[in-house]
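Step one of this worksheet: look at the structure below.
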Amino acid sequence: MNSYSKVVTIDGPVGSGKGTVGQKLALKLGWGFLDSGALYRACALVATENSLDSSRSSAILKIVGDSDFRSEPRADGEEALVFLKGANVSEQIRTPDIARFASELATNESIRTGLMSIQNSYLRESGLIADGRDMGTVVFPNALLKVYLDANLHARAERKYIQLKNKGICVNFDALYKEIEQRDARDSTRIHAPLTKPEGALVIDTSNLPPDEVVIRILNELDAVCKMEFEIEKYC
830 MNSYSKVVTI
840 DGPVGSGKGT
850 VGQKLALKLG
860 WGFLDSGALY
870 RACALVATEN
880 SLDSSRSSAI
890 LKIVGDSDFR
900 SEPRADGEEA
910 LVFLKGANVS
920 EQIRTPDIAR
930 FASELATNES
940 IRTGLMSIQN
950 SYLRESGLIA
960 DGRDMGTVVF
970 PNALLKVYLD
980 ANLHARAERK
990 YIQLKNKGIC
1000 VNFDALYKEI
1010 EQRDARDSTR
1020 IHAPLTKPEG
1030 ALVIDTSNLP
1040 PDEVVIRILN
1050 ELDAVCKMEF
1060 EIEKYC
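Take 830 as the starting number for the sequence shown in the working numbering and just add one per residue.
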């Protein structure tokens, strides 16, 4: 087996639990972790700091490419740690304004294409968990296992609302609900790499499932998929 085929992709809309589940899987398996959403937020952050609008894709990509982007999974249930040039920018990239700008940048074909090399640099012989919106359809189409997480809009908005409130960010639930609804529309209708279920993906509705249960389902599926090709220790 090509070691680079040891990739599990986790796609899905905002608030579906991809980040939490992806980090848990990476830590349990000892695999690398790529938070592709954080990569787009990093682009939004450097663009904002350098007064660049979305049309300056080459300049944005150069800064991010020179910044040694890194995402690391956390065991405490919080969002992944994100570093640029060794500095922890985890809080800076997760503000509502940066999230909105990142969503705008995600519709830019030049940005999406330019980030492919950074995303592919995360491939490891040990394995990789990659979460995002086009991981299984575009970035890693030959992944060993493709997962698509979904949840109803109210459940996803509630999760994001609690997450933001816990960070001390003032947010109105109804406004957040509407914003997520609009982002769903943008993500699923954009011309370049729209959010879709990868063919053959394991689809899990997380509306009423705790993250640990989702992780168990994915590990069981992964064990079944790779049983004949390489051994993975059972964790459940």
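Positions of the beta carbon are idealized from the N, C-alpha and C atoms, including for glycine.
Remember, predicted model here, so these are calculated numbers, not experimental data.
Determine the direct distance from the alpha carbon of L863 to that of G965, and round the result to whole angstroms.
13 Å
Taking one C-beta from the region 939–948 and one from the region 879–891 each time, how about it: are there three or more such pairs within less than 8 Å?
yes
Applying the criterion that 16 or more other CB atoms from any shown protein chain within 10 Å of the CB defines a buried residue, is D926 buried or exposed?
exposed
Inter-residue CB distance, L881 and I958 (contact presumed, cutoff 8 Å)
Wrong, their Cβ atoms sit about 31 Å apart, outside the cutoff.
Straight-line CA distance for N937 to H1021?
8 Å
Say whether the region 973–991 touches the region 860–878, bearing in mind that this needs 3 or more beta-carbon pairs closer than 8 Å, one atom from each stretch.
no
Strictly by DSSP, which residues pair up with V911?
S900
Cut-off 6 Å between Cβ atoms - residues of its own chain near K975, not counting five sequence neighbours on either side:
T838, G965, P1027, A1030
What did DSSP end up calling I1033 once you bin it into helix, strand or coil?
Looking at I1033 - three-state DSSP - the assignment turns out to be strand.
Starting from F811, trace the alpha helix (DSSP H) both ways and give me its first and last residue.
The displayed coordinates of the chain run from 830 to 1065. Any statement about residue 811 would go beyond what the structure contains.
Quick one: what's got a C-beta closer than 6 Å to C1065's C-beta in the same chain, skipping five residues either side?
Confidence at C1065 is low in this model, with a pLDDT of 39, below 50, so its placement is unreliable and no value can be given for it.
Buried or exposed: where does G997 fall if 16 or more other Cβ atoms within 10 Å of its Cβ makes it buried?
exposed
Which listed residue (T1025, C999, G894, N1037) has its alpha carbon closest to that of A980
N1037
Report buried or exposed for Q852, applying the criterion of at least 16 other Cβ atoms within 10 angstroms of its Cβ.
Classification for Q852: buried.
Determine the direct distance from the alpha carbon of L993 to that of L982, and round the result to whole angstroms.
C-alpha separation (whole angstroms): 16 Å.
Reduced DSSP secondary structure (H/G/I, E/B, other) of K996
coil
Taking the continuous alpha helix (DSSP H) assigned at G906, which residues delimit it?
It is not in any alpha helix (DSSP H) - G906 carries neither H nor E in the DSSP assignment.
Using only the alpha-carbon positions, how far apart do L913 and T1018 sit?
Looking at the two C-alpha atoms, the distance is approximately 30 Å.
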